[in-house]
Every structure is written in C-alpha cells, then in structure tokens.
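Worksheet: one structure, shown below.
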Amino acid sequence: MNAIDLSRFSPKWQFRFTFFQQHGAPKEPGFKQAWKALSFGDRLKVNINFFAFFFGFIYLLILGMWRKALVVVGITFALAIVTLFLPDVVARAVLIALNFLVASSTNYSYYLEQVKGKASWNPFEGMF
119 MNAIDLSRFS PKWQFRFTFF QQHGAPKEPG FKQAWKALSF GDRLKVNINF FAFFFGFIYL
179 LILGMWRKAL VVVGITFALA IVTLFLPDVV ARAVLIALNF LVASSTNYSY YLEQVKGKAS
239 WNPFEGMF
C-alpha cells in the first residue's frame, strides 16, 4: 500500500484519515471495536461532522464533493415534497434524520475521495 502524505490536512482530518486507514469503513467489523476504545471526544471526531450537520450540501461543496452535494440536494428536495403531506413534527424529524446521516457519513466520504481517490455519487458510501 502506498503511503499517502496527510500533512496537507489539519490535525483533525489527519486523525480521522489515520483511523480510517487502520480500521476501515464504519460498517466493517474491526471498526466498531476500535471506535469503542476511543475517548468520547475522539469518537465524535471520527463519527460526526458538525459542519455537515448544520450546513449539509453547502459543506460538501466546500470540501469539493460536488457529486455527493447534488445527491443530498436531490434527496432533500424529494423528502421536502413527501413531508408536505405529513405533520410538521414528523417532517422536521425526517429532515433532521437526513442531516444526521449526512453528518455521520461526511468524514468517511471525504477520506475516500481524498486518500483513496474514489469520487462517487453515493453520499452514504461505506456506511451501510
């Protein structure tokens, strides 16, 4: 395996990328055990991207993941139409759940794109 120079990334991204290199995708068996061994703060650092939670597709565009951003916009638009026919509480819960999915998949997606060179349209790749 070729060594990838991670020095161009911030220490937070370097930590995430190193963790993903060592333990693989979140759906792989060794990931969960290694993730449980981390401190609470490090678990959050690996698992959740708060900028992606609050800014969604805009943050994906900032990271350069335009394909994934377009898919997230499409999913958001489709869910917004569907939730027009649901009670307001349910609609909010559905859209918050989508934001949470985007936030929990962004770190690994960015790793795949920057380190592995896999630019796909699937914003949830490696998660399920």
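This note's numbering runs 118 ahead of the 1-based position in the sequence shown. For each residue, glycine too, the CB sits at the ideal point set by N, CA and C. These figures come from a predicted structure and were not determined experimentally.
Burial state of THR224 is buried, judged by a 10 Å Cβ sphere holding 16 or more other Cβ atoms. In the structure shown, the three-state DSSP call for PRO144 is coil. Counted as a single uninterrupted DSSP element, the alpha helix (DSSP H) harbouring VAL208 occupies residues 206-229. Secondary structure at ASN240: coil, using DSSP grouped into helix, strand and coil.
In this structure, the beta-carbon distance from ALA187 to LEU178 falls below 8 Å. Note on geometry: alpha-carbon atoms of GLU231 and ALA211 lie some 30 Å from one another.
The beta carbons of LYS163 and PHE133 sit closer together than 8 Å. Judged by DSSP secondary structure, PHE158 falls within the alpha helix (DSSP H) whose first and last residues are 158-165. By the C-beta density criterion, ALA215 is exposed, having fewer than 16 other C-beta atoms within 10 angstroms.
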